[in-house]
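There are 2 protein chains.
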Amino acid sequence: MSETIASSTNSGTKCHHNPQVSCGDCRLNAICLPISLHIDDIDRLDEIIQRGRPLQKGEHLYRANEPFQSVYAVRSGTIKAVNITNDGQEQVTGFYLPGEILGMDGIANNRYTNSAVALETAAVCEIPFSRLEDLSIQLPTLQRHFFQLMSKEITSDQQLITLLSKNSAEERIAALLLSISTRNHNRHLSATSFRLPMSRADIGNYLGLTIETVSRVLSRFQKNDLLSVDKKEINILDMDGLKRVANVEPSCADQ
Amino acid sequence: MSETIASSTNSGTKCHHNPQVSCGDCRLNAICLPISLHIDDIDRLDEIIQRGRPLQKGEHLYRANEPFQSVYAVRSGTIKAVNITNDGQEQVTGFYLPGEILGMDGIANNRYTNSAVALETAAVCEIPFSRLEDLSIQLPTLQRHFFQLMSKEITSDQQLITLLSKNSAEERIAALLLSISTRNHNRHLSATSFRLPMSRADIGNYLGLTIETVSRVLSRFQKNDLLSVDKKEINILDMDGLKRVANVEPSCADQ
DNA sequence: CGTCAGTTTGAGCGAGCTCAACGTGAGTGG
DNA sequence: CCACTCACGTTGAGCTCGCTCAAACTGACG
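What follows is the structure in structure tokens.
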């Protein structure tokens, strides 16, 4: 495992948006692309990764239909992926938190099918895909890991399909809250107390609901003492109750 | 292109379920995994592919939670992928027609997350994944193509997410019909006249609708002279009208 | 002939949408 | 400092699309 590497080297600059930190030093390397790579191999991956200035809230990382060049790892902040429908509506297809990879939709046709927009100040690592392909040939572990990442995107998209097709408004919103909670926990943040990075409109769009319904359901959850809501601050008070509402067995959430 | 290969070699056995046909001889090799591979490379791919007896209607190709070993290319017939929810309901996440690849959901955790069930007598090519990985390292074109296939699965899942989240029952059903039409056309079959391989229940499950709604919408389409329906036989009478209902620009459908 | 799975059609209901009003807080400019 | 705006969120009232429940039809098969 590579977790020991992160703490053994210098980590003087603490700001999460800092573009200087290499993969070997990154606190996310246990859940990001470098997972299970050897030390030397992490350095080789590190060499192809480009780190630019942070994105401001609302700024595009890429736009649908642009030529595909790279996939991106979120370093800090949150990015949403948005699909533009034929009649001009937007569909949010995913929220990407630190350590998660986006842009893989662009591989199929060498054009992104989604747009990616920062929901708050966010820093990303750009991974030029052609160089990742080359490196994958030399490092079978990396090839396998990237296959797994894409497969994970497929399974989480299919989870969302199921959610949209089968579940009520309450179940959808509970499932999203639990998903964010779990992903925070995996990043060693609080599973019960966090700030939603996205607006009610984004939540509704993602879950196929109106903002009014999102608002009403959150109010209802609060009334039932499942959680407390203050604008975007969420405090889960009754985790098991929330899981019961989401129809999820007590141990897991989606993604 | 490899299309010329198919017709230049012997194709004495015409039955689509025939397990003897190699990739080089297969009439689907222009849209299946061998696409854009060189002749010699197709033979190397062919060596790792296993072809068993056809599946009967209702038979499982694999089940959710089984250890992942292989991905599968559909050779004939139709396979549906089904996700089992926590509370035991089934969600159809995709229909796979000849030339299409399924099973990629299993890569992430070395277990299938879906079950795969034959909707009619169907033959598949089994592609052991570990051998595909090895070959991908030796054939960069194959690696790239498999990345593209996975990406295509992601984009088509996201199309479905958008459909479920934003579109009415009529739009969803029109979109599905157009998708099947397009995919038939790509396989050099009629785009306007075909047999639905799946039941109303499967359609409804896939599209997040009840069987009653599916039936009513199809009746309405027939009443409006968009198509004629006779059990599972579909005849599209007004393609542009159907595309208008689906909110799709005249040239394309999903997947 | 009965049975059974799949499908069609009708009648009434309800979850979530639409429309509308109001509340809140941050920013801006006098 | 207040007045104003603007984005975002909350809450209420009524409506609608698709669901539920129920009945009847069709064709395949023993």
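As given, the protein sequences belong to chains A and B, one line each in that order. Those letters in the first sequence? Residues 242 to 496, by my numbering. Those letters in the second sequence? Residues 242 to 496, by my numbering. For glycine and all other residues, C-beta sits at the position ideal for the given N, C-alpha and C.
9 Å Cβ cutoff, residue i in contact with chain A
{"i": "glycine 293 of chain B", "result": "no"}
{"i": "lysine 407 of chain B", "result": "yes"}
{"i": "alanine 357 of chain B", "result": "no"}
{"i": "valine 489 of chain B", "result": "yes"}
{"i": "methionine 480 of chain B", "result": "no"}
{"i": "serine 249 of chain B", "result": "Here serine 249 of chain B scores only 39 on pLDDT, less than 50, and its place in the model is too uncertain to base an answer on."}
Rounded straight-line distance, which links the Cα of residue j to that of residue i
{"i": "leucine 286 of chain A", "j": "asparagine 327 of chain B", "result": "38 Å"}
{"i": "glutamate 361 of chain A", "j": "aspartate 443 of chain A", "result": "13 Å"}
{"i": "threonine 396 of chain A", "j": "cysteine 273 of chain B", "result": "22 Å"}
{"i": "histidine 386 of chain B", "j": "leucine 478 of chain A", "result": "47 Å"}
{"i": "glutamate 331 of chain B", "j": "leucine 405 of chain B", "result": "16 Å"}
{"i": "lysine 472 of chain B", "j": "leucine 459 of chain B", "result": "10 Å"}
{"i": "glutamate 288 of chain B", "j": "glutamine 389 of chain B", "result": "22 Å"}
{"i": "leucine 483 of chain A", "j": "cysteine 267 of chain A", "result": "33 Å"}
{"i": "valine 323 of chain A", "j": "arginine 461 of chain B", "result": "33 Å"}
{"i": "leucine 418 of chain B", "j": "proline 339 of chain B", "result": "17 Å"}
{"i": "arginine 428 of chain A", "j": "isoleucine 475 of chain A", "result": "17 Å"}
{"i": "isoleucine 421 of chain B", "j": "alanine 432 of chain B", "result": "8 Å"}
{"i": "valine 355 of chain A", "j": "valine 489 of chain B", "result": "The sequence as given places asparagine at residue 355 of chain A; valine does not occur at that position. Rounded to whole angstroms, asparagine 355 of chain A to valine 489 of chain B spans 17 Å at the Cα level."}
{"i": "asparagine 511 of chain B", "j": "glycine 335 of chain B", "result": "Residue 511 of chain B lies beyond the stretch modelled for chain B, which goes from 242 to 496, so this question has no answer here."}
{"i": "alanine 314 of chain A", "j": "isoleucine 368 of chain A", "result": "8 Å"}
{"i": "alanine 359 of chain B", "j": "tyrosine 337 of chain B", "result": "10 Å"}
{"i": "valine 470 of chain A", "j": "asparagine 351 of chain A", "result": "42 Å"}
{"i": "leucine 430 of chain A", "j": "proline 295 of chain B", "result": "50 Å"}
{"i": "aspartate 284 of chain A", "j": "aspartate 375 of chain A", "result": "15 Å"}
{"i": "serine 371 of chain A", "j": "glutamine 291 of chain A", "result": "13 Å"}
{"i": "alanine 349 of chain B", "j": "methionine 391 of chain B", "result": "12 Å"}
{"i": "tyrosine 265 of chain A", "j": "isoleucine 276 of chain A", "result": "The sequence shown places glycine at residue 265 of chain A, not tyrosine. Near 10 Å, if we compare the C-alpha coordinates of isoleucine 276 of chain A and glycine 265 of chain A."}
{"i": "leucine 468 of chain B", "j": "serine 311 of chain B", "result": "39 Å"}
{"i": "isoleucine 280 of chain A", "j": "serine 263 of chain A", "result": "12 Å"}
{"i": "alanine 363 of chain A", "j": "isoleucine 325 of chain A", "result": "22 Å"}
{"i": "glutamine 463 of chain B", "j": "alanine 357 of chain A", "result": "40 Å"}
Own chain, CB closer than 8 Å to residue i, minus 5 neighbours either side, in chain order
{"i": "arginine 485 of chain B", "result": "none"}
{"i": "serine 377 of chain B", "result": "Leu383, Gln384 and Phe387"}
{"i": "histidine 426 of chain A", "result": "Ala432"}
{"i": "leucine 278 of chain A", "result": "Ser243, Leu286, Leu380, Thr382, Leu383 and His386"}
Sequence-distant residues of the same chain with beta carbon closer than 6 Å to residue i, five excluded per side
{"i": "leucine 380 of chain B", "result": "Asp282"}
{"i": "isoleucine 353 of chain B", "result": "Correcting the residue type first, residue 353 of chain B is tyrosine in the shown sequence and not isoleucine. Within the same chain, tyrosine 353 of chain B has close Cβ partners Tyr303, Ala305, Glu307, Phe309 and Gly347."}
{"i": "glycine 445 of chain A", "result": "Thr451, Ile452 and Val455"}
{"i": "tyrosine 447 of chain B", "result": "Val333"}
{"i": "cysteine 366 of chain B", "result": "Ile290, Arg292, Ala314 and Arg316"}
{"i": "glutamate 341 of chain B", "result": "Val315"}
{"i": "proline 438 of chain A", "result": "Thr319, Leu360 and Glu361"}
{"i": "leucine 434 of chain A", "result": "The question names leucine, but residue 434 of chain A in the sequence shown is serine. These residues qualify, in order along the chain: Asn476."}
{"i": "glycine 344 of chain A", "result": "Val312 and Tyr313"}
{"i": "threonine 403 of chain B", "result": "none"}
{"i": "glycine 329 of chain B", "result": "none"}
Chain B within 9 Å of residue i, Cβ atoms only
{"i": "methionine 439 of chain A", "result": "no"}
{"i": "methionine 345 of chain A", "result": "yes"}
{"i": "arginine 304 of chain A", "result": "no"}
{"i": "threonine 423 of chain A", "result": "no"}
{"i": "serine 311 of chain A", "result": "no"}
{"i": "lysine 321 of chain A", "result": "no"}
{"i": "serine 377 of chain A", "result": "yes"}
{"i": "phenylalanine 237 of chain A", "result": "Limits of chain A in this structure are 242 at one end and 496 at the other, which puts residue 237 of chain A out of reach."}
Where residue i falls, given that 16 or more other Cβ within 10 Å makes a residue buried
{"i": "glutamate 394 of chain B", "result": "buried"}
{"i": "aspartate 346 of chain A", "result": "buried"}
{"i": "aspartate 398 of chain B", "result": "buried"}
{"i": "glutamine 261 of chain A", "result": "exposed"}
{"i": "glutamate 300 of chain A", "result": "exposed"}
{"i": "glycine 318 of chain A", "result": "buried"}
{"i": "arginine 413 of chain B", "result": "buried"}
{"i": "lysine 298 of chain B", "result": "exposed"}
{"i": "glycine 253 of chain A", "result": "With a pLDDT of 42 at glycine 253 of chain A, under the threshold of 50, the predicted position of this residue should be treated as unreliable, and no value is reported."}
{"i": "asparagine 408 of chain A", "result": "buried"}
{"i": "lysine 321 of chain B", "result": "buried"}
{"i": "glycine 449 of chain A", "result": "buried"}
Residues near residue i by beta carbon distance below 7 Å, same chain, minus five either side
{"i": "arginine 441 of chain B", "result": "Ile452, Val455 and Ser456"}
{"i": "glutamate 411 of chain B", "result": "Val458 and Val486"}
{"i": "alanine 415 of chain B", "result": "Leu483, Val486 and Ala487"}
{"i": "aspartate 466 of chain A", "result": "Leu478 and Asp479"}
Any non-hydrogen atom of the ligand PLP closer than 8 Å to residue i Cβ
{"i": "phenylalanine 388 of chain B", "result": "As for the ligand PLP, it is missing from this structure, which has no ligand bound."}
Which runs of the beta strand (DSSP E) spanning at least 3 residues fall entirely within the region 282-333 of chain B, listed in chain order?
-> As for any beta strand (DSSP E) of minimum length 3 sitting wholly inside the region 282-333 of chain B, the runs are 301-303, 311-317 and 320-325, ordered along the chain.
Note down, one range per segment and in chain order, each beta strand (DSSP E) of at least 3 residues found wholly within the region 441-487 of chain B.
-> You should have 468-471 and 474-477.
Beta strand (DSSP E) runs wholly inside the region 389-440 of chain B, at least 3 long, in chain order | Counting only runs of 3 or more, we get 434-436.
Alpha helix (DSSP H) runs wholly inside the region 355-395 of chain B, at least 4 long, in chain order = Runs of the alpha helix (DSSP H) inside the region 355-395 of chain B: 370-379.
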